[in-house]
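Trainee:
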Amino acid sequence: MNITSDVENNKLTATVTIPAADVDAAIKKAYKQAAKQYRFPGFRPGKAPRAVIDSALGAEAVLAQATNDILGSNEAALLNELDIVPLKEGDYSKVEAIAADGQDYVYSVEFTLRPTAELSSYDAVAIEMPPAEVTEGEIDAQVDMLMGYHATVEDVERGIEGEDFVTVDIKDVKGAEGVAGEGRMVSMSSNNLPAAVAEALLGMKVDEVKSVSWTPEEEGAEESSVELTVKSVKERKVPELTDEFAKESFGFDDIAAMRDAVKIELEADKTSKLPGIKETRAVAALAERLQLDEVDETYANSVFSELGQNFLQQIGSRGMNLDTYLQMTGLTSDQFIADLHKQADDVARESLALDALARELKVEVTDEDVDAEFERAGVEDAAATKAQFLADGRMPAVRDSIRRSKAVDWLVDNAQVTEVDEFAKADAE
Numbered sequence: 171m172n173i174t175s176d177v178e179n180n181k182l183t184a185t186v187t188i189p190a191a192d193v194d195a196a197i198k199k200a201y202k203q204a205a206k207q208y209r210f211p212g213f214r215p216g217k218a219p220r221a222v223i224d225s226a227l228g229a230e231a232v233l234a235q236a237t238n239d240i241l242g243s244n245e246a247a248l249l250n251e252l253d254i255v256p257l258k259e260g261d262y263s264k265v266e267a268i269a270a271d272g273q274d275y276v277y278s279v280e281f282t283l284r285p286t287a288e289l290s291s292y293d294a295v296a297i298e299m300p301p302a303e304v305t306e307g308e309i310d311a312q313v314d315m316l317m318g319y320h321a322t323v324e325d326v327e328r329g330i331e332g333e334d335f336v337t338v339d340i341k342d343v344k345g346a347e348g349v350a351g352e353g354r355m356v357s358m359s360s361n362n363l364p365a366a367v368a369e370a371l372l373g374m375k376v377d378e379v380k381s382v383s384w385t386p387e388e389e390g391a392e393e394s395s396v397e398l399t400v401k402s403v404k405e406r407k408v409p410e411l412t413d414e415f416a417k418e419s420f421g422f423d424d425i426a427a428m429r430d431a432v433k434i435e436l437e438a439d440k441t442s443k444l445p446g447i448k449e450t451r452a453v454a455a456l457a458e459r460l461q462l463d464e465v466d467e468t469y470a471n472s473v474f475s476e477l478g479q480n481f482l483q484q485i486g487s488r489g490m491n492l493d494t495y496l497q498m499t500g501l502t503s504d505q506f507i508a509d510l511h512k513q514a515d516d517v518a519r520e521s522l523a524l525d526a527l528a529r530e531l532k533v534e535v536t537d538e539d540v541d542a543e544f545e546r547a548g549v550e551d552a553a554a555t556k557a558q559f560l561a562d563g564r565m566p567a568v569r570d571s572i573r574r575s576k577a578v579d580w581l582v583d584n585a586q587v588t589e590v591d592e593f594a595k596a597d598a599e
């Protein structure tokens, strides 16, 4: 197989030449399959000669099947050779000629590639990181979280505030089916309602009724409106932490012992989590340098689809489906999809930024790198799995992953880090 290729506007057009010997082998195989698949009077299954098959089916039909076999059987090798990960299946619409005996077969196929973009700078990124040592603010936050498990909610006779828990009837007046519902229980701090609805609720009291209209921030969206009726307002109350409470509720001698235990736990947690935090922040900082106004729609949709499939698999492994998850979180399907699109855009930008950095660094992927990747995957038979990836044309995706990993390693190793006590910073603000 001989390949020449050209890339323009994220479209790679490959012109492929299949040697005559391989063409003849494909034609021979197609005739064998036809002889087995169809019944030809006077001949045992699989034994009809070519002339008989041509007379019954037509030579062009069998040669067309041989052509399809050539196209399909060579795609994986083509992807591996070009080292590309197309965003969708190859476009063979320009293929017109069919294979012929004793002749090379030449065809063209077009693949859609993810876009390429440059960075405004390829210098090391500067990021802020939590201190390696556990701070008093972090201990305070963890203690507050533990105390929150003992919090209660109590009815209050006042207007709704930003941290309250509210029961509200939301009547759909116009275009708000996804928001409407009787007796909806809402945490005002959860951002589960449109901003205009949440703002309208602030200050409302039990039995108060209010109408509110808004236009969703979506292209072509029309105005929506609802009628709100507040049924109850509850305030979250956290008990006071005393030595006695620390002993009775958490099993510590006093508050000091509780804080010491929390510190030890946070230290272990930091040791395991800080590397991941550093990587996440470094990659996010790099993505901010991406010189791309909008992510290509085809690429964004492919990332969206992959994230969606992964998420459904994750919740499925916990015995949940999407409807159950939405009910548990209080999200509407529109909110879930919008959030997933936002995640997909972020992931796409980060991936393109890492691609750009890898190109700038001239990252190379060796056979040893690939072997090590399959070993790290912990599959039962790394060699067999690698062979299957090659047969399926999935090796370029592995090489892509390795290139990005190497770019991440460089990014993390060279990041300029400033330690910031984020809890103290928040308190100061």
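Counting in our numbering, the sequence shown runs from 171 upward without gaps. Glycine residues also receive a C-beta, built at the ideal position from the N, C-alpha and C atoms. Just so you know, these numbers come straight off a predicted model, no measurement behind them.
So Ile188 packs on Asn250, CB below 8 angstroms; how close in whole Å?
Mentor: Translated into the one-based positions of the sequence shown, residue 188 becomes position 18. Translated into the one-based positions of the sequence shown, residue 250 becomes position 80. That belief does not hold up - the Cβ atoms of Ile188 and Asn250 are roughly 16 angstroms apart, past 8 angstroms.
Trainee: Ignoring anything shorter than 4 residues or poking outside the stretch 468 to 497, list the alpha helix (DSSP H) runs there in chain order.
Mentor: Runs of the alpha helix (DSSP H) inside the stretch 468 to 497: none found.
Trainee: When every heavy atom of the ligand NAD is checked, does at least one fall within less than 8 angstroms of the C-beta of Asp176?
Mentor: This structure simply doesn't include the ligand NAD, nor any ligand for that matter.
Trainee: What are the boundary residues of the beta strand (DSSP E) that Val313 is part of?
Mentor: The count along the sequence shown starts at 1 and reaches residue 313 at position 143. Segment Glu306 to Gly318 is the alpha helix (DSSP H) holding Val313; no beta strand (DSSP E) there.
Trainee: What would DSSP say about Glu288, mapped onto helix, strand or coil?
Mentor: By 1-based counting over the sequence shown, the position of residue 288 is 118. Reduced to three states, the DSSP call for Glu288 is coil.
Trainee: When DSSP labels each residue in this structure, what does Lys380 get in the three-state scheme?
Mentor: Here residue 380 refers to the residue found at position 210 when the sequence shown is read from its first residue. Strand.
Trainee: Roughly how many whole angstroms lie between the Cα atoms of Ala366 and Trp384?
Mentor: Here the question's residue 366 lines up with position 196 in the sequence shown. Here the question's residue 384 lines up with position 214 in the sequence shown. So the two alpha carbons sit approximately 6 angstroms from each other.
Trainee: Fully enclosed by the stretch 356 to 408, which alpha helix (DSSP H) runs are 4 residues long or longer?
Mentor: Taking only runs of at least 4 residues, the alpha helix (DSSP H) segments lying wholly in the stretch 356 to 408 are 365 to 371.
Trainee: Report back the beta-carbon spacing between Gly272 and Ala190 to the nearest angstrom; my notes put them in contact at under 8 angstroms.
Mentor: On the sequence shown, residue 272 is found 102 positions in, with the first residue counted as 1. On the sequence shown, residue 190 is found 20 positions in, with the first residue counted as 1. That belief holds up - the Cβ atoms of Gly272 and Ala190 are roughly 6 angstroms apart, short of 8 angstroms.
Trainee: Return the bridge partner residues of Asn172 from the DSSP annotation.
Mentor: For the purposes of this step, residue 172 is taken as residue 2 along the sequence shown, with counting starting at 1. Per DSSP, Thr187.
Trainee: Taking Ile309 as the reference, which of Arg574, Ala431, Ser225 and Gln207 has the closest Cα?
Mentor: Residue 309 sits at position 139 when you count from the first residue of the sequence shown. Ranking Arg574, Ala431, Ser225 and Gln207 by Cα distance to Ile309 puts Ala431 first.
Trainee: Evaluate contact between the stretch 287 to 302 and the stretch 191 to 206, counting only Cβ atoms and requiring at least three cross-stretch pairs below 8 angstroms.
Mentor: The stretch 287 to 302, when compared against the stretch 191 to 206, does not touch it at the 8 angstroms Cβ threshold.
Trainee: Can you list, in chain order, the residues of its chain with a C-beta nearer than 7 angstroms to that of Ala287? Leave out the 5 residues immediately preceding and following it.
Mentor: Counting from 1 along the sequence shown, the entry for residue 287 is found at position 117. Contacts found: Leu460, Gln461, Leu462, Leu522 and Ala526.
Trainee: In the DSSP assignment, the alpha helix (DSSP H) including Thr282 goes from what residue to what residue?
Mentor: Translated into positions along the sequence shown, residue 282 becomes position 112. No alpha helix (DSSP H) contains Thr282, which is instead part of the beta strand (DSSP E) from Tyr275 to Thr282.
Trainee: Identify every residue that forms a DSSP beta bridge with Ala246.
Mentor: Residue mapping note: residue 246 aligns to position 76 of the sequence shown, counting from 1. Answer is none; Ala246 lacks a bridge partner.
Trainee: Cutting at 7 angstroms between CB atoms, please list the residues of its own chain near Phe415, excluding the five before and the five after it.
Mentor: Locating residue 415 in the sequence shown gives position 245, where the first residue counts as 1. For Phe415, where only same-chain residues beyond five positions count, the Cβ hits under 7 angstroms are Pro409.
Trainee: Please name the residue, chosen from Gln497, Arg564 and Asp570, that lies closest to Ala246 on a Cα-to-Cα basis.
Mentor: The residue given as residue 246 occupies position 76 in the sequence shown. The shortest Cα separation from Ala246 among Gln497, Arg564 and Asp570 belongs to Arg564.
Trainee: Where do the N-terminal and C-terminal ends of the beta strand (DSSP E) with Glu458 fall, by residue?
Mentor: The residue you call residue 458 lines up with position 288 of the sequence shown. Where Glu458 is concerned, there is no enclosing beta strand (DSSP E), given that its DSSP letter is neither H nor E.
Trainee: Whole angstroms is fine: what's the gap from Ala346's alpha carbon to Ser475's?
Mentor: Sequence index remark: in the sequence shown, residue 346 carries index 176 (1-based). Sequence index remark: in the sequence shown, residue 475 carries index 305 (1-based). Cα to Cα, the separation comes out at about 26 angstroms.
Trainee: How is Val323 classed by DSSP in three states: helix, strand or coil?
Mentor: On the sequence shown, residue 323 is found 153 positions in, with the first residue counted as 1. Strand, per DSSP.
Trainee: Since I believe Thr399 is in contact with Asp325 (beta carbons under 8 angstroms), could you give me their beta-carbon distance rounded to a whole number of angstroms?
Mentor: As a first step, residue 325 is located in the sequence shown; it is residue number 155 there, counting from the start. As a first step, residue 399 is located in the sequence shown; it is residue number 229 there, counting from the start. Asp325 to Thr399, Cβ: 17 angstroms. No contact.
Trainee: Tell me where the beta strand (DSSP E) around Phe335 begins and ends.
Mentor: Locating residue 335 in the sequence shown gives position 165, where the first residue counts as 1. Looking at the DSSP string, the run of the beta strand (DSSP E) that includes Phe335 is Phe335 to Lys344.
Trainee: Bridge partners for Lys181 per DSSP, in chain order?
Mentor: Position 11 of the sequence shown, counted from the first residue, corresponds to residue 181. Answer is Glu178 and Thr282, bridged to Lys181.
Trainee: Would you mind working out which of Ala321, Glu378 and Glu333 sits nearest Tyr356, comparing C-alpha positions?
Mentor: Counting from 1 along the sequence shown, the entry for residue 356 is found at position 186. The amino acid occupying residue 356 in the given sequence is Val; Tyr does not appear at that position. Of Ala321, Glu378 and Glu333, the residue nearest in Cα terms is Glu333.
Trainee: For Val578, does the three-state DSSP call read helix, strand or coil?
Mentor: As a position in the sequence shown, residue 578 is number 408, starting the count at 1. Of the three classes helix, strand and coil, the one that applies to Val578 here is helix, per DSSP.
Trainee: Alpha carbon to alpha carbon, what distance is there between Tyr469 and Lys181?
Mentor: To locate residue 181, count along the sequence shown from 1; it is residue 11. To locate residue 469, count along the sequence shown from 1; it is residue 299. Each residue's alpha carbon lies about 13 angstroms from the other.
Trainee: Buried or exposed for Met428, going by 16 or more other Cβ atoms inside 10 Å?
Mentor: In the sequence shown, residue 428 corresponds to position 258, counting from 1. Its Cβ being crowded by 16 or more others within 10 Å, Met428 is buried.
Trainee: Ile254 lies in the beta strand (DSSP E); which residues open and close that run?
Mentor: Within the sequence shown, the letter at position 84 stands for residue 254. That residue, Ile254, is in no beta strand (DSSP E); it is neither H nor E in DSSP.
Trainee: Looking at the strands, I want to know which residues DSSP matches up with Ala296.
Mentor: Looking up residue 296 in the sequence shown gives position 126. Ala296 is bridged to Gln586.
Trainee: Assuming contact is defined by CB atoms lying nearer than 9 angstroms, are Val453 and Val323 in contact in what I supplied?
Mentor: The count along the sequence shown starts at 1 and reaches residue 453 at position 283. The count along the sequence shown starts at 1 and reaches residue 323 at position 153. No, these two residues do not count as a Cβ contact at 9 angstroms.
Trainee: For Leu411 and Ala594, I'd like the C-alpha separation in whole angstroms.
Mentor: The count along the sequence shown starts at 1 and reaches residue 411 at position 241. The count along the sequence shown starts at 1 and reaches residue 594 at position 424. Rounded to the nearest angstrom, the two C-alpha atoms are 21 angstroms apart.
Trainee: I'd like to check one pair, Leu496 with Ser503: are the Cβ atoms closer than 9 angstroms?
Mentor: Residue numbering aside, residue 503 sits at position 333 when the sequence shown is read from its first letter. Residue numbering aside, residue 496 sits at position 326 when the sequence shown is read from its first letter. Yes, the Cβ-Cβ distance between Ser503 and Leu496 is below 9 angstroms.
Trainee: Taking only three categories from DSSP, how would you classify Arg519?
Mentor: Within the sequence shown, numbered from 1, the residue matching residue 519 stands at position 349. Reduced to three states, the DSSP call for Arg519 is helix.
Trainee: In the structure shown, what three-state DSSP assignment does Asp600 receive?
Mentor: Nothing about residue 600 can be read from this structure; the chain reaches only from 171 to 599.
Trainee: Among the residues of its own chain, which have a CB less than 8 angstroms from the CB of Val540, if the five just before and after it don't count?
Mentor: On the sequence shown, residue 540 is found 370 positions in, with the first residue counted as 1. These residues qualify, in order along the chain: Lys556, Met565, Val568, Arg569 and Ile572.
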